[in-house]
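Enquirer:
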Amino acid sequence: MVLKDSLNAMKDMDILNGTCEREPSDIGETFDMLEEIIIAEGRRSGPPLPGPPLPPADLCQPPHSHNQGTSRQRSSPSSHPVLVSRGTACQPTCTFPQPLQQSCTSRGMASVPPPEGVGSSTSCSRRSRGASRSCNITTSQSRGDTEILEQILEKPKLVVVEEPKDRGMRFRYECEGRSAGSILGVSSTETNKTQPAIEIQGPIDHIKRVTVTVSLVTKDLPHRPHPHCLVGKDCPNTSGICVVSFNPNNNRRHSFANLGIQCVRRKELELSLQKRRSQNIDPFQTGHSKGIEDMDMNAVRLCFQCEFEWDDGRKDSLSPVVSNPIYDKKATTTSQLKISCLNMNRGPCTGKTEIYMLCDKVQKDDIEILFRRGSWKANGEFAQSDVHRQIAIVFKTPPYQEQDITEEKEVSVVLRRISDQMESEPVNFTYLPHNPDPYEVKRKTKIKSNLSFRDKLCVTAEGAPAAEQPFHFPQPQTMMSPDESLCVAQPGSSDLGDMGYEPMDSNSCIEDTALLNQLLEIPEFREMLTEQSFSYSMPSGLEQGPDASSMFANMDVNFNQNFGPYTEDFSRLNDWHFSMLVNENQTPQSEPQSSPSEAAQVKTEQEL
DNA sequence: GCATAGTCGCC
DNA sequence: CGGCGACTATG
725 MVLKDSLNAM
735 KDMDILNGTC
745 EREPSDIGET
755 FDMLEEIIIA
765 EGRRSGPPLP
775 GPPLPPADLC
785 QPPHSHNQGT
795 SRQRSSPSSH
805 PVLVSRGTAC
815 QPTCTFPQPL
825 QQSCTSRGMA
835 SVPPPEGVGS
845 STSCSRRSRG
855 ASRSCNITTS
865 QSRGDTEILE
875 QILEKPKLVV
885 VEEPKDRGMR
895 FRYECEGRSA
905 GSILGVSSTE
915 TNKTQPAIEI
925 QGPIDHIKRV
935 TVTVSLVTKD
945 LPHRPHPHCL
955 VGKDCPNTSG
965 ICVVSFNPNN
975 NRRHSFANLG
985 IQCVRRKELE
995 LSLQKRRSQN
1005 IDPFQTGHSK
1015 GIEDMDMNAV
1025 RLCFQCEFEW
1035 DDGRKDSLSP
1045 VVSNPIYDKK
1055 ATTTSQLKIS
1065 CLNMNRGPCT
1075 GKTEIYMLCD
1085 KVQKDDIEIL
1095 FRRGSWKANG
1105 EFAQSDVHRQ
1115 IAIVFKTPPY
1125 QEQDITEEKE
1135 VSVVLRRISD
1145 QMESEPVNFT
1155 YLPHNPDPYE
1165 VKRKTKIKSN
1175 LSFRDKLCVT
1185 AEGAPAAEQP
1195 FHFPQPQTMM
1205 SPDESLCVAQ
1215 PGSSDLGDMG
1225 YEPMDSNSCI
1235 EDTALLNQLL
1245 EIPEFREMLT
1255 EQSFSYSMPS
1265 GLEQGPDASS
1275 MFANMDVNFN
1285 QNFGPYTEDF
1295 SRLNDWHFSM
1305 LVNENQTPQS
1315 EPQSSPSEAA
1325 QVKTEQEL
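To get my numbering, take the position in the first sequence, counting from 1, and add 724.
(1) Can you tell me whether residue 1073 is buried or exposed, with buried defined as 16 or more other CB within 10 angstroms of its CB?
(2) So, helix, strand or coil for residue 1043, using DSSP?
(3) In the DSSP assignment, the beta strand (DSSP E) including residue 998 goes from what residue to what residue?
(4) Is the separation between the beta-carbon of residue 884 and that of residue 931 shorter than 8 angstroms?
(5) Can you tell me which residues form a DSSP beta bridge with residue 956?
(6) Report yes or no: do the segment 1080–1097 and the segment 1035–1042 share at least 3 C-beta pairs separated by less than 8 angstroms?
(7) In the DSSP assignment, find the unbroken beta strand (DSSP E) run with residue 908 in it and report its ends.
(8) Indicate the three-state DSSP secondary structure (helix, strand or coil) for residue 1131 in the structure shown.
(9) Can you tell me which of the three DSSP states residue 914 falls into?
(10) Alpha carbon to alpha carbon, how far is residue 1135 from residue 1070? Give it in angstroms, no decimals.
(11) Between residue 972 and residue 920, how many whole angstroms is the CB-CB distance? I'm expecting something under 8 angstroms.
(12) Tell me the rounded alpha-carbon separation between residue 1144 and residue 957.
(13) Do residue 1075 and residue 1093 have their CB atoms nearer than 8 angstroms?
(14) Select from 933, 926, 897 and 892 the residue whose C-alpha is nearest the C-alpha of residue 913.
(15) In or out: residue 966 buried (at least 16 other Cβ within 10 Å) or exposed?
(16) From the DSSP output, in three-state form, read off residue 1073 for me.
(17) List the endpoints of the continuous beta strand (DSSP E) containing residue 1097.
(18) Can you find the residues in the same chain that come closer than 6 angstroms, C-beta to C-beta, to residue 1155, ignoring five residues on each side of it along the sequence?
(19) Out of 984, 1081 and 1027, which has the shortest C-alpha to C-alpha gap to residue 1111?
(20) When the distance is taken between beta carbons, is residue 985 closer than 8 angstroms to residue 954?
(21) Report the three-state DSSP secondary structure of residue 1108 (helix, strand or coil).
(22) To which residues of the same chain is residue 1100 closer than 7 angstroms at the C-beta, ignoring the five residues directly before and after it?
(23) Would you mind stating whether residue 988 and residue 947 have Cβ atoms separated by less than 8 angstroms?
(24) What residue range does the beta strand (DSSP E) around residue 934 cover?
(25) Where residue 1148 and residue 1141 are concerned, what is the direct C-alpha to C-alpha distance, given to the nearest angstrom?
(26) Run through the DSSP bridge pairs and tell me what residue 1102 is partnered with.
(27) If you measure between the beta carbons of residue 1044 and residue 1023, is that distance less than 8 angstroms?
(28) Note the first and the last residue of the continuous beta strand (DSSP E) segment covering residue 1116.
(29) Report all residues from its chain with a CB closer than 6 angstroms to the CB of residue 1138; omit the five preceding and five following residues, and keep chain order.
(30) Among 949, 943 and 944, which one has its Cα closest to the Cα of residue 937?
(31) What does the Cβ neighbour count give for residue 899, buried or exposed, with the cut at 16 atoms within 10 Å?
(32) Please classify residue 882: does DSSP put it in a helix, a strand, or coil?
(33) For the beta strand (DSSP E) containing residue 903, list its first residue and its last residue.
(34) What residue does the beta strand (DSSP E) around residue 924 start on, and which one ends it?
(35) Cα-Cα, which of 1083, 968, 1079 and 935 is closest to residue 1121?
(36) Look at the alpha carbon of residue 1264 and the alpha carbon of residue 1096, and state the distance between them as a whole number of angstroms.
This is the structure:
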């Protein structure tokens, strides 16, 4: 049944008629299945051919499956894997059945009769390969699935039992004058470190010794030799490859304890490839392929070539096996995404709440912010210009799926890289039920009627609570009341708490701040702030400067005219603005923020 | 001006 | 060491 399914799948994917040029990850599983079928077929073939010490596996070697979940849409078209150029010319290196025969030995396999049409086939065009496979599969089915499966199980096989950890390690340059560290295993933890490991599975009774050569190959197909080098234990000086030898009867498994990746500079790329060629390392016989320029320097795979020696001295080898990709931690294109914090984690279900997110380096053209709860999801809204120096994003919350919620709804927010769909760890965001008077228009009208503008400012400047009130950036278009916008962050709610605004401790304070925020929505006022390098603590600025109140008095602006939603373009904010924002959030409330020297410390984005 | 590549040096 | 941030160079 499985075979039939996979056959159908292959038909669907045009593998069988030789027109498949898809991303390999999409078809990896099918290829795996194919591989096994072909191996099974190969085992039926006649006497084994003597293989070279590290036999060139053929170009037609089915790619190993790397179940990465999703394809990487961003990989450049030129790097898209195409196993063999379709059509006319037969590539001399491609000899489909041969390696399979090489992998076979007289031992335990000779009894298997040669398969129809396999042993004699030396054709290597994409098409004939497909045809050949198609034929084999058909006959395989007639023989019965179980028989084949049994034979698959009998065959010695190199399996990656512990994949390398794909992220978290920097590739080191030689100039960094250090060991390149050790690649860990995927299941490695702080307390229990593991290493990448392989295992020789299947019948090994008569195997005296296996020699495994590890080299780096490109992530994408065809897996070409990669210019980066393996360094560490078992990696002979400057060879860039790792060679280990062991008797599988003692231990089928071998862990690679000290394998580091040393990257070469672009200048030395060609040189390094030459070196690899001179070492006869080209596991997939890709030859001197073109397109080295766009080779992905931030991702590699380990490639294991296994040669074994039988009791009688005969040597044999297996097709190369590759690991999952390993990504350079330093490359933003592939690094782990991380949200450091949001400046607020609550907002109205109507959305449009402007939020500042600090995050690890992202690429502005390849990142999205995803809000999710259950089956609902929506994107945070921002433009590329809202991504600040790769480490901060100003965005607006999407409206929640329901607008008539009566209680708070917690959703998760993640950063997602568009190209590979990689996601960060989630942080929480809480949607609040709709507020019938979001702008508190009624309340503000009341305030205005009760107090003159000037009077109110004086109150503010003199009010003790206000002196501790941090500078508050305007939240234009927010649907929250000022109270909410200032008090959203709840202490202890995930890791956002420490970035949020502290709760107010008095109502008068809130009203003062509301006024300030309204002031800050006046462009002229904001300009003044920038030009005069105001202390980030607004009210303290008022206290310090005798000019401050007169400044407000001289502002010839109509409060009501200027009050209202407008679109804030984050790119207009300069670095100083941003630092101000960030440092405000990092400053504990308990510390008085009235000292000018403290204000002066908060200057540059370096502190981000 | 911005992002990436390559280096340097602190903790 | 080794992990990391930050600096300088380059494109």
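We put the CB at the ideal spot given by N, CA and C, even for glycine.
Expert: Taking the coordinates as given:
(1) Locating residue 1073 in the first sequence gives position 349, where the first residue counts as 1. Buried, because 16 or more other Cβ atoms sit within 10 Å of the Cβ of residue 1073.
(2) The sequence position of residue 1043 within the first sequence is 319, counting from 1. Three-state result, residue 1043: coil.
(3) Numbered from its first residue, the first sequence carries residue 998 at position 274. Unbroken run through residue 998 is the alpha helix (DSSP H), 993–1002; no beta strand (DSSP E).
(4) Along the first sequence, read from residue 1 onward, the residue named residue 884 stands at position 160. Along the first sequence, read from residue 1 onward, the residue named residue 931 stands at position 207. Not a contact, by the Cβ cut-off of 8 angstroms.
(5) Taking the first sequence and counting its residues from 1, the one referred to as residue 956 is at position 232. Answer is 983, bridged to residue 956.
(6) no
(7) As a working mapping, residue 908 is identified with position 184 in the first sequence. Unbroken run through residue 908: none, as it is neither H nor E.
(8) Numbered from 1 along the first sequence, position 407 holds the residue referred to as residue 1131. Residue state, collapsed to three classes: coil.
(9) Translated into the one-based positions of the first sequence, residue 914 becomes position 190. Residue state, collapsed to three classes: coil.
(10) Taking the first residue of the first sequence as 1, we reach residue 1070 at position 346. Taking the first residue of the first sequence as 1, we reach residue 1135 at position 411. The alpha-carbon atoms of residue 1070 and residue 1135 are separated by roughly 10 angstroms.
(11) For the purposes of this step, residue 972 is identified with residue 248 of the first sequence, where counting begins at 1. For the purposes of this step, residue 920 is identified with residue 196 of the first sequence, where counting begins at 1. Between residue 920 and residue 972 the Cβ distance is about 17 angstroms, and since that is not below 8 angstroms, they are no contact.
(12) Counting from 1 along the first sequence, the entry for residue 1144 is found at position 420. Counting from 1 along the first sequence, the entry for residue 957 is found at position 233. Taking the straight line joining both Cα atoms gives about 33 angstroms.
(13) The residue given as residue 1075 occupies position 351 in the first sequence. The residue given as residue 1093 occupies position 369 in the first sequence. Contact: no.
(14) In the first sequence, counting from the first residue as 1, residue 913 sits at position 189. When only C-alpha atoms are compared, the closest one is 892.
(15) Taking the first residue of the first sequence as position 1, residue 966 is located at position 242. The residue is buried, with at least 16 neighbouring Cβ atoms inside 10 Å.
(16) Along the first sequence, read from residue 1 onward, the residue named residue 1073 stands at position 349. If DSSP states are grouped into helix, strand and coil, residue 1073 belongs with coil.
(17) Taking the first sequence and counting its residues from 1, one reaches residue 1097 at position 373. Counting along the chain, the beta strand (DSSP E) containing residue 1097 begins and ends at 1091–1097.
(18) Counting from one through the first sequence, the residue named residue 1155 turns up at place 431. Only 1073, 1124 and 1133 meet the Cβ criterion.
(19) Numbered from 1 along the first sequence, position 387 holds the residue referred to as residue 1111. The residue with the shortest Cα to Cα distance from residue 1111 is 1081.
(20) Counting from 1 along the first sequence, the entry for residue 954 is found at position 230. Counting from 1 along the first sequence, the entry for residue 985 is found at position 261. Contact: yes.
(21) Mapped onto the first sequence, residue 1108 falls at position 384. In this structure, residue 1108 counts as helix in the three-state DSSP scheme.
(22) Walking along the first sequence from the start, residue 1100 turns up at place 376. So the qualifying residues of the chain are 1125.
(23) What you label residue 988 is simply residue 264 of the first sequence in a count that begins at 1. What you label residue 947 is simply residue 223 of the first sequence in a count that begins at 1. No, Cβ-Cβ distance for residue 988 and residue 947 is not below 8 angstroms.
(24) Translated into positions along the first sequence, residue 934 becomes position 210. Start and end: 931–942.
(25) Looking up residue 1148 in the first sequence gives position 424. Looking up residue 1141 in the first sequence gives position 417. Their Cα atoms are separated by approximately 9 angstroms.
(26) Taking the first residue of the first sequence as position 1, residue 1102 is located at position 378. According to DSSP, residue 1102 bridges with 1095.
(27) As a working mapping, residue 1044 is identified with position 320 in the first sequence. As a working mapping, residue 1023 is identified with position 299 in the first sequence. Going by C-beta atoms, residue 1044 is not nearer than 8 angstroms to residue 1023.
(28) Mapped onto the first sequence, residue 1116 falls at position 392. Segment 1116–1120, the beta strand (DSSP E) holding residue 1116.
(29) Counted from its first residue, the first sequence places residue 1138 at position 414. The answer, listed in chain order, is 1094, 1147, 1148 and 1150.
(30) As a first step, residue 937 must be located in the first sequence, where it is residue number 213. If we check each option's Cα against that of residue 937, 949 comes out closest.
(31) The residue labelled residue 899 in the question sits at position 175 within the first sequence. Under this definition residue 899 is an exposed residue.
(32) Taking the first residue of the first sequence as position 1, residue 882 is located at position 158. If DSSP states are grouped into helix, strand and coil, residue 882 belongs with the strands.
(33) Residue numbering aside, residue 903 sits at position 179 when the first sequence is read from its first letter. Careful: residue 903 lies outside any beta strand (DSSP E) and carries neither H nor E.
(34) Within the first sequence, numbered from 1, the residue matching residue 924 stands at position 200. Note, residue 924: beta strand (DSSP E), 921–925.
(35) Residue numbering aside, residue 1121 sits at position 397 when the first sequence is read from its first letter. Comparing Cα-Cα distances from residue 1121 to each of 1083, 968, 1079 and 935, the minimum goes to 1079.
(36) Here residue 1264 is taken as the residue at index 540 of the first sequence, counted from 1. Here residue 1096 is taken as the residue at index 372 of the first sequence, counted from 1. Reliability fails at residue 1264, whose pLDDT of 37 lies under 50, so the model's placement of it is uncertain and no value is given.
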